[in-house]
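Protein chains: 2
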Amino acid sequence: MSEPGQADPAVPSPPWERSRKRVAPVRVPLTRERIIDAAYTVLDREGYERLSMRQVAGELGVAVSALYAHVSSKDELLEHMYTRLFDGHSLPDPDPEHWQEQIKDFAREGRARLLRHRDMARISMAHVPFTPELLPHVERLLAIFRAGGLPDAVAAAAGDMMSTFMEGFTFEESMWEERRRNTEAASWKEMRSTIKGYFDTLPPERFPNLIALSGMIFDDDNDARFELGIEIILRGLASYIEPRTQP
Amino acid sequence: MSEPGQADPAVPSPPWERSRKRVAPVRVPLTRERIIDAAYTVLDREGYERLSMRQVAGELGVAVSALYAHVSSKDELLEHMYTRLFDGHSLPDPDPEHWQEQIKDFAREGRARLLRHRDMARISMAHVPFTPELLPHVERLLAIFRAGGLPDAVAAAAGDMMSTFMEGFTFEESMWEERRRNTEAASWKEMRSTIKGYFDTLPPERFPNLIALSGMIFDDDNDARFELGIEIILRGLASYIEPRTQP
DNA sequence: TTCGCCCTTAGAACAGTGTTCACCATTTGC
DNA sequence: GCAAATGGTGAACACTGTTCTAAGGGCGAA
């Protein structure tokens, strides 16, 4: 990661540059945003386990203690990373006729954003969107459920359930990804066939259902399994809609 | 924790005892089971963040390195703690007429076991029951779903969804518990009224839905919210049952 | 009973971690 | 030009998981 605009102290400036007054600020000022950027860089490269304050500081070419002037703790840094997940995304205005499609889009978008960064689902699971920056998102999500006609108690639970499923599903995806990394399995295809091979060695009389379904549990198509999951939840939610009484 | 049967080395045995040969083994032998016990003790007292190999060793009055003769790593220890969650619990034989009630019991039992130990949901989320000891549980769970009449693709997804919901829900419960601990809030009642007070200060024109539902999102009755959640999923699953064609 | 082996445990060490503190340099305001 | 404020530095503290060498005890063989 080369810092554009940051001078390498090992290379002295030529004399004619030196005479110019303040060509550019010698060091890019450290800001909270740059720290979060660097944390994402480290996360993607090293994974959650190796994401440390020292790694982030190293990424920025700065002492560890310098970070603490802009971020009060590692927990706070993780919270900022979580908050940034929602940047540039906003839920649409509620459309009562298409609330299910709107919720599906919300879930798909959430999963896509989590998958963009390694181990991001793990960080996401440990946080809750009840902060000033994120409350508007929750508000709009609830608005869609209520516009769809869900009773209040169900609408209140629905947001949590959708988020839990989305985060949990993606978290499991990333866990398998990590397992694959540790197993040194070259590709997903190889990993999956290894798993299926294992299930095929089980005694058929004791594990008939596992053997029958193993092909669908360890599916090649995570997208389809995700879609099935949100469809199941949506059908359950929709079953609570009371038919509108005609005036 | 006093070790019954373990002699205090500071107190010498009386001479008439000394003559008896091998009254009792002077030290209780360290075993994997005792290590897991101690780990649970530390977890309950200190929480997940402070659960370290040194703490576990200290609990047993033993050097850290001694643990590694019985457990190859901290990860493996956590895996054994996870496995023990299922000890003494087995799912009933499938009853097609009452499959939904059977699944509800499974979820309730799982949540109850997770709540028995502090931060246990966090450990549970990071593991997957595809080990030799736990596969029989998965097998029986799948059997219930299939007996209920779910199509194979849905049955394959159902186990995952139920587990994810159960673990995710309980994980959030324990996170709020931890927040309460850090906030030094005396009781849950106090914590909840603080939260509701916060939501009441939100501008009503911008957050109408949040304000309307805050009372149900931060309910006093976690049990009821959990029941609602599993009911929603079960209704979604049941919607996939194809009506049995009469012969 | 004594010897020797092997498994178990102890203690120190290594390379990390989050966080804090006294210090120092540079830039800014007067 | 000088003082003050800003913001980064490097060392330190109290931890972490893991590994290594060395010492200990219990057991079977002679």
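Each protein sequence line maps, in turn, to chains B and Z. So for the first sequence, this note's numbering puts the first residue at 1071; every next one is plus one. So for the second sequence, this note's numbering puts the first residue at 1071; every next one is plus one. Where a beta carbon is used, it is the ideal one built from N, C-alpha and C, also for glycine.
Along chain Z, which residues have their Cβ under 7 Å away from the Cβ of residue i?
i	result
LEU1280 of chain B	LEU1205, VAL1208, GLU1209 and LEU1212
ARG1295 of chain B	ALA1227
MET1261 of chain B	Here the premise fails: no neighbours, minimum Cβ distance about 13 Å.
Just the Cα atoms here: how many angstroms apart are residue i and residue j?
i	j	result
THR1101 of chain Z	GLU1248 of chain B	30 Å
GLY1075 of chain B	VAL1098 of chain B	Residue placement at GLY1075 of chain B is poorly supported in this model, since its pLDDT is 37, which falls under 50; the coordinates are not used for a value here.
GLU1119 of chain B	LYS1144 of chain B	13 Å
ASP1157 of chain Z	ARG1178 of chain Z	16 Å
HIS1197 of chain B	LEU1184 of chain B	13 Å
PRO1206 of chain B	THR1271 of chain Z	14 Å
VAL1112 of chain Z	ALA1182 of chain Z	20 Å
GLU1275 of chain B	GLU1209 of chain Z	11 Å
PRO1199 of chain Z	THR1153 of chain Z	8 Å
ILE1311 of chain B	ALA1213 of chain B	15 Å
ARG1295 of chain Z	ARG1262 of chain Z	15 Å
GLY1218 of chain B	TRP1169 of chain B	5 Å
SER1284 of chain Z	PRO1162 of chain B	22 Å
HIS1187 of chain Z	PHE1277 of chain Z	37 Å
SER1122 of chain Z	LEU1148 of chain Z	11 Å
GLU1297 of chain Z	ALA1136 of chain B	48 Å
ASP1293 of chain B	SER1257 of chain Z	43 Å
GLU1254 of chain Z	GLY1238 of chain Z	24 Å
GLY1117 of chain B	ASN1252 of chain B	12 Å
THR1201 of chain B	PHE1215 of chain B	21 Å
LEU1280 of chain B	ASP1289 of chain B	13 Å
SER1142 of chain B	LEU1130 of chain B	17 Å
ALA1282 of chain Z	ASP1114 of chain Z	37 Å
GLU1243 of chain Z	ARG1250 of chain Z	11 Å
PRO1273 of chain Z	MET1286 of chain Z	19 Å
TYR1268 of chain Z	ASP1165 of chain B	29 Å
VAL1224 of chain Z	PHE1235 of chain Z	16 Å
ALA1139 of chain B	GLY1299 of chain Z	43 Å
GLU1103 of chain B	ILE1193 of chain B	18 Å
ILE1265 of chain B	LEU1204 of chain Z	16 Å
LEU1220 of chain B	PRO1313 of chain B	10 Å
Considering residue i, what are the terminal residues of the alpha helix (DSSP H) in which it resides?
i	result
PRO1206 of chain Z	1205-1217
ARG1178 of chain Z	1169-1185
ALA1196 of chain B	From DSSP, ALA1196 of chain B is part of no alpha helix (DSSP H); its letter is neither H nor E.
In chain Z, what lies closer than 8 Å to residue i by C-beta?
i	result
GLY1306 of chain B	GLU1301, ILE1302, ILE1303, LEU1304, ARG1305, GLY1306, LEU1307 and SER1309
GLY1238 of chain B	MET1195, THR1234, PHE1235, GLU1237 and GLY1238
PHE1176 of chain B	What PHE1176 of chain B touches in chain Z: nothing, since even the nearest Cβ is about 15 Å away.
So which residues of chain Z does residue i contact, with C-beta pairs closer than 9 Å?
i	result
PRO1250 of chain B	For the record, residue 1250 of chain B in the displayed sequence is Arg; it is not Pro. In chain order: nothing, as chain Z lies at least about 13 Å away.
ARG1216 of chain B	ASN1279, ALA1282 and LEU1283
MET1151 of chain B	Going along chain Z, no residue has its Cβ under 9 Å from MET1151 of chain B, so there is no contact; the nearest lies around 17 Å.
Going along chain B, which residues have a C-beta under 8 Å from residue i?
i	result
LEU1298 of chain Z	ALA1223, VAL1224 and ALA1227
ARG1188 of chain Z	The contacting residues do not exist; ARG1188 of chain Z stays about 16 Å from chain B at best.
Residues of chain B with CB closer than 7 Å to the CB of residue i, please, in chain order.
i	result
ILE1287 of chain Z	ALA1226
PHE1277 of chain Z	LEU1205 and GLU1209
LEU1113 of chain Z	Ordered by position in chain B, no residue passes the 7 Å Cβ test against LEU1113 of chain Z, which lies about 17 Å from the chain.
LEU1283 of chain Z	LEU1212, ASP1222, ALA1225 and ALA1226
Taking Cβ-Cβ distances shorter than 9 Å, what residues in chain B pair up with residue i?
i	result
MET1123 of chain Z	Chain B residues near MET1123 of chain Z: none, gap ~16 Å exceeds 9 Å.
LEU1161 of chain Z	Simply none; closest approach about 12 Å.
Legend entry - Touch test, the region 1223-1243 of chain B against the region 1165-1182 of chain B, Cβ-Cβ under 8 Å, three pairs minimum: yes
Inset, instruction - Report the residue ranges of all alpha helix (DSSP H) runs contained in full by the region 1234-1314 of chain B; include only those spanning at least 4 residues, in chain order. - result: 1258-1270, 1278-1287 and 1292-1308
Inset, instruction - Please specify which runs of the beta strand (DSSP E), each continuous and at least 3 residues long, are wholly inside the region 1098-1159 of chain Z, giving them in chain order. - result: none
Legend entry - At least 3 beta-carbon pairs within less than 8 Å: the region 1102-1111 of chain B vs the region 1124-1140 of chain B: yes
Legend entry - Cβ pair count under 8 Å reaching 3, the region 1305-1312 of chain B against the region 1301-1313 of chain Z: yes
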